[in-house]
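S.K.: For reference, the structure I am asking about is given below.
2 protein chains.
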Amino acid sequence: MSYFDAASSLPLHPVARQALLAAVDEGWADPARPHREGRRARMLLDAARETAAEALDCRPDELRFTSSGTQALHTGIGGALTARRRAGRRLVVSAVEHSAVLHAGETHERAGGLLHQVEVDRTGRIDVQEWARALGEDCALACLQSANHEVGTVQPVARVAEVCAEAGVPLLVDAAQSLPWGPVEGPWSLLTGSAHKWGGPPGVGLLAVRKGVRFAPPGPVDERESGAAPGFGNIPAVVAAAASLRAVRAEAEAEGARLRALVDRIRARVPGLVPDTEVVGDPVRRLPHLVTFSCLYVDGEALLHALDAAGFSVSSGSSCTSGTLTPSHVLRAMGVLSEGNVRVSLPPGTQESEVDRFLQVLPGAVAEVRARLGAGAAPAAGAGAGAAEDAGGTTAGAAGPDRDTAADVAATAATPPEGAGEITVDARGTLCPLPVIELAKAVGRVPAGGLVRVLADDEAARLDIPAWCEMTGHAFEGAEGTEYRVRRAGGTG
Amino acid sequence: MSYFDAASSLPLHPVARQALLAAVDEGWADPARPHREGRRARMLLDAARETAAEALDCRPDELRFTSSGTQALHTGIGGALTARRRAGRRLVVSAVEHSAVLHAGETHERAGGLLHQVEVDRTGRIDVQEWARALGEDCALACLQSANHEVGTVQPVARVAEVCAEAGVPLLVDAAQSLPWGPVEGPWSLLTGSAHKWGGPPGVGLLAVRKGVRFAPPGPVDERESGAAPGFGNIPAVVAAAASLRAVRAEAEAEGARLRALVDRIRARVPGLVPDTEVVGDPVRRLPHLVTFSCLYVDGEALLHALDAAGFSVSSGSSCTSGTLTPSHVLRAMGVLSEGNVRVSLPPGTQESEVDRFLQVLPGAVAEVRARLGAGAAPAAGAGAGAAEDAGGTTAGAAGPDRDTAADVAATAATPPEGAGEITVDARGTLCPLPVIELAKAVGRVPAGGLVRVLADDEAARLDIPAWCEMTGHAFEGAEGTEYRVRRAGGTG
Numbered sequence: 001m002s003y004f005d006a007a008s009s010l011p012l013h014p015v016a017r018q019a020l021l022a023a024v025d026e027g028w029a030d031p032a033r034p035h036r037e038g039r040r041a042r043m044l045l046d047a048a049r050e051t052a053a054e055a056l057d058c059r060p061d062e063l064r065f066t067s068s069g070t071q072a073l074h075t076g077i078g079g080a081l082t083a084r085r086r087a088g089r090r091l092v093v094s095a096v097e098h099s100a101v102l103h104a105g106e107t108h109e110r111a112g113g114l115l116h117q118v119e120v121d122r123t124g125r126i127d128v129q130e131w132a133r134a135l136g137e138d139c140a141l142a143c144l145q146s147a148n149h150e151v152g153t154v155q156p157v158a159r160v161a162e163v164c165a166e167a168g169v170p171l172l173v174d175a176a177q178s179l180p181w182g183p184v185e186g187p188w189s190l191l192t193g194s195a196h197k198w199g200g201p202p203g204v205g206l207l208a209v210r211k212g213v214r215f216a217p218p219g220p221v222d223e224r225e226s227g228a229a230p231g232f233g234n235i236p237a238v239v240a241a242a243a244s245l246r247a248v249r250a251e252a253e254a255e256g257a258r259l260r261a262l263v264d265r266i267r268a269r270v271p272g273l274v275p276d277t278e279v280v281g282d283p284v285r286r287l288p289h290l291v292t293f294s295c296l297y298v299d300g301e302a303l304l305h306a307l308d309a310a311g312f313s314v315s316s317g318s319s320c321t322s323g324t325l326t327p328s329h330v331l332r333a334m335g336v337l338s339e340g341n342v343r344v345s346l347p348p349g350t351q352e353s354e355v356d357r358f359l360q361v362l363p364g365a366v367a368e369v370r371a372r373l374g375a376g377a378a379p380a381a382g383a384g385a386g387a388a389e390d391a392g393g394t395t396a397g398a399a400g401p402d403r404d405t406a407a408d409v410a411a412t413a414a415t416p417p418e419g420a421g422e423i424t425v426d427a428r429g430t431l432c433p434l435p436v437i438e439l440a441k442a443v444g445r446v447p448a449g450g451l452v453r454v455l456a457d458d459e460a461a462r463l464d465i466p467a468w469c470e471m472t473g474h475a476f477e478g479a480e481g482t483e484y485r486v487r488r489a490g491g492t493g
Numbered sequence: 494m495s496y497f498d499a500a501s502s503l504p505l506h507p508v509a510r511q512a513l514l515a516a517v518d519e520g521w522a523d524p525a526r527p528h529r530e531g532r533r534a535r536m537l538l539d540a541a542r543e544t545a546a547e548a549l550d551c552r553p554d555e556l557r558f559t560s561s562g563t564q565a566l567h568t569g570i571g572g573a574l575t576a577r578r579r580a581g582r583r584l585v586v587s588a589v590e591h592s593a594v595l596h597a598g599e600t601h602e603r604a605g606g607l608l609h610q611v612e613v614d615r616t617g618r619i620d621v622q623e624w625a626r627a628l629g630e631d632c633a634l635a636c637l638q639s640a641n642h643e644v645g646t647v648q649p650v651a652r653v654a655e656v657c658a659e660a661g662v663p664l665l666v667d668a669a670q671s672l673p674w675g676p677v678e679g680p681w682s683l684l685t686g687s688a689h690k691w692g693g694p695p696g697v698g699l700l701a702v703r704k705g706v707r708f709a710p711p712g713p714v715d716e717r718e719s720g721a722a723p724g725f726g727n728i729p730a731v732v733a734a735a736a737s738l739r740a741v742r743a744e745a746e747a748e749g750a751r752l753r754a755l756v757d758r759i760r761a762r763v764p765g766l767v768p769d770t771e772v773v774g775d776p777v778r779r780l781p782h783l784v785t786f787s788c789l790y791v792d793g794e795a796l797l798h799a800l801d802a803a804g805f806s807v808s809s810g811s812s813c814t815s816g817t818l819t820p821s822h823v824l825r826a827m828g829v830l831s832e833g834n835v836r837v838s839l840p841p842g843t844q845e846s847e848v849d850r851f852l853q854v855l856p857g858a859v860a861e862v863r864a865r866l867g868a869g870a871a872p873a874a875g876a877g878a879g880a881a882e883d884a885g886g887t888t889a890g891a892a893g894p895d896r897d898t899a900a901d902v903a904a905t906a907a908t909p910p911e912g913a914g915e916i917t918v919d920a921r922g923t924l925c926p927l928p929v930i931e932l933a934k935a936v937g938r939v940p941a942g943g944l945v946r947v948l949a950d951d952e953a954a955r956l957d958i959p960a961w962c963e964m965t966g967h968a969f970e971g972a973e974g975t976e977y978r979v980r981r982a983g984g985t986g
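Protein chains in written order, with this note's numbering: chain U, 1 to 493; chain E, 494 to 986.
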C-alpha cells in the first residue's frame, strides 16, 4: 500500500505522537487556572507557542492556535474584514484559493461585501501586476495561498506582500500546503496553517496576526487565544503540532529535494506512459511533493478506485469524485482538463520503488477505465479524419454496449469526403467523461474542417470540451447554452 | 495532591487514552476521500457517532461533532437564531448560563437581536412559570443549562422543554456539566456537550439538533458535519470522546452516589469548621460531585494559593481570581456572596480520605488569609456592638499594618452609647474583600441601630455588601453610586 494523498492529510509524525502522549498526561487542565495543573498546562502552551512562532517567523504573541486550518482562515478573514470595514468592503483573492477562503468570501458577499477573484494563468499562477491593479481604495483585505493544494503551483507571495504593503492593504497568506517546507517570506499581515498537513494531529490550526494589523473577529469570542479561538484549548494537540513542525522543518531541505526528484520523474514519464494525458501546474515553481495530471476519456472516480485496488491512494479534482456536480474550481480557473484528474502528493519517506510501481500500474489502470467506458485513443489533430457516416444526423447518447469506441473509429477512419459537413452529438443526460468521449468519436467521423456540435448539460463539459480541443489541436468555436461547437483541425474553418 | 477542579477539566480517562492511541493510527485520513485510508477514517467516525448519539439519546444523523463545547454552543445558538429569524429576534436564557451562552447572546444583541435573561432564586434555579412567561410570540430560541457549572444546581430541564414545546419555541440545553451523569430528559430541540468534562480529550464538542428543528449556521461552512463544523475533523479525539462517554456512563450511577455522599459531608461540615461561610447552590437538586461556598473576609485568589500550597486544586468565582474585575455572574444572579468563593468539584475516583484531609486543611487556610488581611470574626447581629469611636468621621483605607482587626474590635466592643450615630468608611481604591472587612470593623463601632456608610468602587462590593448583611443579619439600606448604607441590627432603624 502506498498512500500518495499527503496534501489531504498525513499520519501522525513520530515526534507528534510522542509529544501528544506526554502532553495528554501533563497538559489536560485549564491553562487559565492558577492551580498547579493549570500552571503546568499554561507552561506547555507557552512553550508550544514559542516553538510554532519560530517556525512561522513571527512573535509568540502574534500567534493564535485555532481548532483547524479552516477555522484559522475563517477567523483570519472575518477578523480582518470586520476591523477594516471602514477602509472598504472588497476582498481580493486568487481564483484558486482553498474552498475555505471562497466560503469566507461568500459569507462576506452575503453580508453585503464584495469578492474580487484575480484570475490565474494555465499553470495556476497569478500575475503580480494584475494583483496590484486589483487592490484599490475600497480593498479591505487580500488573500493569497503560498502554494496551491491541487496542482502545487507556488505563488509569488513575497512580491505580492510587498505590493499589498505599498497599497496599504493587509495580506493574509494561506500557507497550509507550504508551511512544512519553510516559512513564508515577505511582509505578510496574517498567515494561516494546519497541523495535520505536516504530520501534526488534527484539530490544530495556526493564525498569525502581525502586531499593528487591525483585527476584530466576528461572532462570539472569549478571553482565549486573544479572542480569536473561543472555547477550551486543545493543548496536547497544540504541543504535538509545534513539536512536529520543528521536526519536519529540520528534514525539509533534504526531503524536499528527494521528493522533488521523484515528482519530476512522474511529470516526465506520465505523458509517455498514458496517451492523452495532461500534466498540469507549474513544472518548476511548485511544491516539492505534489503533481497533478488529467487523463482524457476517463472517469476520475473509476480511476481512483482502480488505483486504490492496485494499492495506491490518490486524490482527484474531477467532479465525479466529489459530492458536487461541478469540477474543481482550481482546474476550472486554470482552464485545464478536469476529467480523469489525479493528484499525487507524496508523504515524506516515500520510496523511489513506490513511485516506480505507481508508474508501472498507472497505464493499465487508465486503459482499464477507458475500455470500460468504451473509449480509446482519440484522433489527434494531425491524424486521418474519420468517416462522416452520420453527418448531419444526431447520434444517440453514449450508453450502449455495442457502440464503437473512439479507437475503433480512429482505426476505421480513412480518407474522409472533403467538406462533408456537420455532426450533432447529443450527450445530454450523461456525465463526464462521456460527452468528451462522444466528441472524440464524432471528430473521427467528420473531415478536416468539419464541425461537431455537442449537446451536453454536464457542468464539467464547459471546462473539458475546450480543454480537449486545446490538447488535441482541434478548434473550439464556442458554446451557447448546452451546445458546444468544435471544428476538426486541418480544414478551412 | 488532590485535584478538586473536575468541573473545569478532567485528565484523560484510561478508555479515552487507549481509544485515542488506536485512532491516531487508524483515523488520521480525510473521511471524505474514497481511498482505503479515508474509508477507514469514515468507519471510525460513523461508529463514534453511533456511540455518542446513544449516550445523548438521539439519532446519529442528529449529532454533529464540533471543536469544543463552546463552539457547539456558539454554532447551536447562532444556527437556531438564524433559521428562526422570521419567527422572532428574542433569545431567552437563564441568568446563570455559561459565559459562552452569554457571549453568543451579546453577539445576537450586537446584530440587533434581543437577549432576555430569566432570573434565578438564591439557589441558582429558574422558575418554570416565569420561564413560560418569558416565552412569547417573538421568541426565536430558549437556552437553559441542565446544571450549573459553578454551584451545581440542577435546572428543571424536562419541564422547561415541555413548556417550550407547547409554546413552539426550540430549547437548546447546555448539558456540559450533566452529560457524564446521564442523558437529558424531555423534548429538547438542541443539546450541547464537551468531551473534556467527562475525561474525553479536549477539542471535541457535541451538538445535537433534533430532526425537524430549523437550523442554519451563520458564518462560512463546508460539507463537513452537516455544515455545522467546517474544517478537517478531529477523528481520533472524537473516537476517544465517544468511547470514554460510554465508559463513564457505565460507572455513573455508583460513582455519582459515592461522590454525592462526599459532597454532602463537605456541605455539612464547612459552616461549622469555618466561621462566616455560606454554602451556596441547591443542597439536593444538584450535580453529585460539586459544591461551592464563600468565606467572608477572604481574598479568593489568596485562598486558592493557600489551598494549592496545601495540595488542593480548586476553583473560584471571586473577581480577584480572574482577569476581569467583576465577580462571577452566576453568584451575582443568585445574590450570594462572591468573596472568598471556592468551588470544589470532585473527579471520579476521589477518595474519602482526600475529602477529610481537605476539611482538615481548609480552616487553617482561611484563617491564614484572614489574618494576613487583618480580618477575623465579625460581630454577628446579636453580638454586643462596638464602640463608636470614629463616629461621624471617615476612616482611612483598609491598608496599614497596625490597624485593628475586626476580631479585635469585636473583642474590645462593650456597651456602646445608645444612638451614637454614623460612621463613614472610605474603602474606595481597595478591592474585595477589603471593603467588607472595613464594613465589619465599622459595624463593631456603632451601636445597635447605628448606620455605616461604606464608600467602595470595587464592582464586587455591589454583591458582597448586601450578601454580608444577609449573612450577618444587619440591614442593607441600599446603595447610591459608590455609597452603601448598612444599619446595625438590633436598633430602631
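Backbone N, C-alpha and C fix where the C-beta goes; we use that ideal spot for every residue, glycine too.
Under 9 Å Cβ-Cβ, which residues of chain E neighbour PRO201/U?
M.R.: Per Cβ cutoff of 9 Å: VAL517, TRP521, GLY696, ASN727, PRO729, ALA730.
S.K.: Does DSSP put GLU771/E in a helix, a strand or coil?
M.R.: GLU771/E falls in the strand class under three-state DSSP.
S.K.: Would the beta-carbon of ARG487/U be found less than 6 Å away from any heavy atom of the ligand NAD?
M.R.: No copy of the ligand NAD occurs in the structure displayed, which carries no ligand at all.
S.K.: Around the Cβ of ALA754/E, are there at least 16 other Cβ atoms within 10 angstroms (buried) or fewer (exposed)?
M.R.: When all chains shown are included, ALA754/E counts as exposed.
S.K.: Quick one: complete beta strand (DSSP E) runs, 3+ long, within the stretch 583 to 653 of chain E?
M.R.: You should have 583 to 587, 607 to 611, 632 to 638.
S.K.: Among the residues of its own chain, which have a CB less than 8 Å from the CB of GLY182/U, if the five just before and after it don't count?
M.R.: Closer than 8 Å at Cβ, skipping near neighbours: ARG249, ALA252.
S.K.: Spell out whether any CB of chain E is found under 7 Å from the CB atom of THR51/U.
M.R.: Not closer than 7 Å to any Cβ of chain E, the Cβ of THR51/U fails to qualify, so no.
S.K.: Can the beta-carbon of GLY774/E be found closer than 7 Å to that of THR785/E?
M.R.: Their beta carbons are under 7 Å apart, which means GLY774/E touches THR785/E by this criterion.
S.K.: Would you say ALA104/U lies against chain C (beta-carbon separation less than 7 Å)?
M.R.: Here chain C cannot be found, since the structure's protein chains are U and E.
S.K.: Using C-beta distances below 7 Å, list every residue in its chain close to ALA920/E, excluding the 5 sequence neighbours before and after it, in chain order.
M.R.: Cβ within range, chain order: GLY890, ALA891, LEU927, PRO928, GLU931, VAL947, LEU948, ALA949.
S.K.: Go to THR544/E, then tell me how far its alpha helix (DSSP H) extends in each direction, as first and last residue.
M.R.: Start and end: 529 to 549.
S.K.: Of all the options SER316/U, ALA460/U, VAL169/U, which has the alpha carbon lying nearest to the alpha carbon of ALA83/U?
M.R.: Of the candidates SER316/U, ALA460/U, VAL169/U, the one whose C-alpha sits nearest the C-alpha of ALA83/U is VAL169/U.
S.K.: Find the nearest neighbour of VAL613/E within the set CYS632/E, ALA604/E, ALA640/E, ALA597/E, judged by alpha-carbon distance.
M.R.: Checked all of CYS632/E, ALA604/E, ALA640/E, ALA597/E; the closest Cα to VAL613/E is ALA640/E.
S.K.: Any idea what DSSP makes of SER318/U, helix, strand or coil?
M.R.: It is coil, neither helix nor strand.
S.K.: Does chain E have any CB closer than 7 Å to the CB of THR70/U?
M.R.: True, the Cβ-Cβ gap to chain E drops below 7 Å.
S.K.: Compute the Euclidean distance between the alpha carbons of GLN638/E and VAL101/U, then round it to the nearest angstrom.
M.R.: GLN638/E and VAL101/U: Cα-Cα distance of roughly 35 Å.
S.K.: Just list the residues that DSSP pairs GLU834/E with in beta bridges.
M.R.: Residue identity check: residue 834/E is Asn in the sequence provided, not Glu. In DSSP, ASN834/E forms a bridge with SER787/E.
S.K.: Roughly how many angstroms lie between the CA atoms of SER328/U and GLU278/U, to the nearest whole one?
M.R.: About 16 Å.
S.K.: Rounded to the nearest angstrom, how far is the Cβ of THR568/E from that of ALA688/E, given a contact under 8 Å?
M.R.: With 8 Å as the limit, THR568/E and ALA688/E do not qualify as a contact, their Cβ atoms being about 16 Å apart.
S.K.: So, for VAL644/E: in the same chain, excluding its five sequence neighbours on each side, which residues have a beta-carbon less than 6 Å away from its beta-carbon?
M.R.: GLY617, VAL773, GLY774, THR785.
S.K.: May I ask which residues mark the beginning and end of the alpha helix (DSSP H) holding THR575/E?
M.R.: Unbroken alpha helix (DSSP H) run through THR575/E: 562 to 576.
S.K.: Less than 7 Å between C-beta atoms, sequence neighbours within five positions excluded: which residues of the same chain meet that for GLU389/U?
M.R.: With a pLDDT of 37 at GLU389/U, under the threshold of 50, the modelled position of this residue cannot be trusted, and the question is left open.
S.K.: What does DSSP give as the partner residue(s) for LEU665/E in the beta ladder?
M.R.: CYS636/E, LEU683/E, per the DSSP bridge assignment.
S.K.: So, at 7 Å on beta carbons, what are the nonlocal neighbours of ARG265/U in its own chain, with the 5 sequence-adjacent residues on each side left out?
M.R.: Correct list, in chain order: VAL355.
S.K.: Please list the residues of the stretch 697 to 723 of chain E that have a C-beta atom closer than 7 Å to any C-beta atom in chain U, keeping them in chain order.
M.R.: If the cut-off is 7 Å between Cβ atoms, the stretch 697 to 723 of chain E has GLY712, PRO713, VAL714, ASP715, GLU716, PRO723 near chain U.
S.K.: Just tell me which of ALA868/E, ALA651/E, ALA960/E has its CA closest to the CA of ALA935/E.
M.R.: The shortest C-alpha separation from ALA935/E is found at ALA868/E.
S.K.: Note down the Cα distance separating ARG535/E from SER502/E, rounded to an integer number of angstroms.
M.R.: One C-alpha to the other measures close to 28 Å.
S.K.: Locate the alpha helix (DSSP H) running through ARG332/U, then write down its first and last residues.
M.R.: Per DSSP, ARG332/U belongs to the alpha helix (DSSP H) from 329 to 334.
S.K.: Assuming PRO553/E and GLU543/E form a contact by the criterion Cβ under 8 Å, report the distance between their Cβ atoms to the nearest whole angstrom.
M.R.: 5 Å between Cβ atoms; contact.
S.K.: Between which two residues does the beta strand (DSSP E) carrying PHE969/E extend?
M.R.: Taken as a continuous stretch (DSSP letters only), the beta strand (DSSP E) holding PHE969/E covers 968 to 973.
S.K.: Going by C-alpha distance, which of LEU566/E, ARG615/E, GLY531/E, ALA669/E is nearest ALA597/E?
M.R.: It is LEU566/E whose Cα lies nearest to the Cα of ALA597/E.
S.K.: Going by beta carbon distance, what residues of the same chain come within less than 7 Å of PRO894/E, once the five residues before and after it are set aside?
M.R.: Because PRO894/E sits at a pLDDT of 35, beneath the cut-off of 50, its placement in the model cannot be relied upon, and the point is left open.
S.K.: I'd like to know whether the C-beta of GLU459/U is nearer than 7 Å to at least one C-beta of chain E.
M.R.: No, because no Cβ of chain E sits closer than 7 Å to the Cβ of GLU459/U.
S.K.: Starting from ALA365/U, trace the alpha helix (DSSP H) in both directions and tell me its first and last residue.
M.R.: Here the alpha helix (DSSP H) through ALA365/U covers 352 to 372.
S.K.: Should the stretch 464 to 477 of chain U be called in touch with the stretch 505 to 523 of chain E, which here means at least 3 C-beta pairs below 8 Å?
M.R.: Taking 8 Å as the limit for Cβ pairs, the verdict is that the stretch 505 to 523 of chain E does not touch the stretch 464 to 477 of chain U.
S.K.: Sort out for me which residues DSSP pairs GLU746/E with in a bridge.
M.R.: According to DSSP, GLU746/E bridges with nothing at all.
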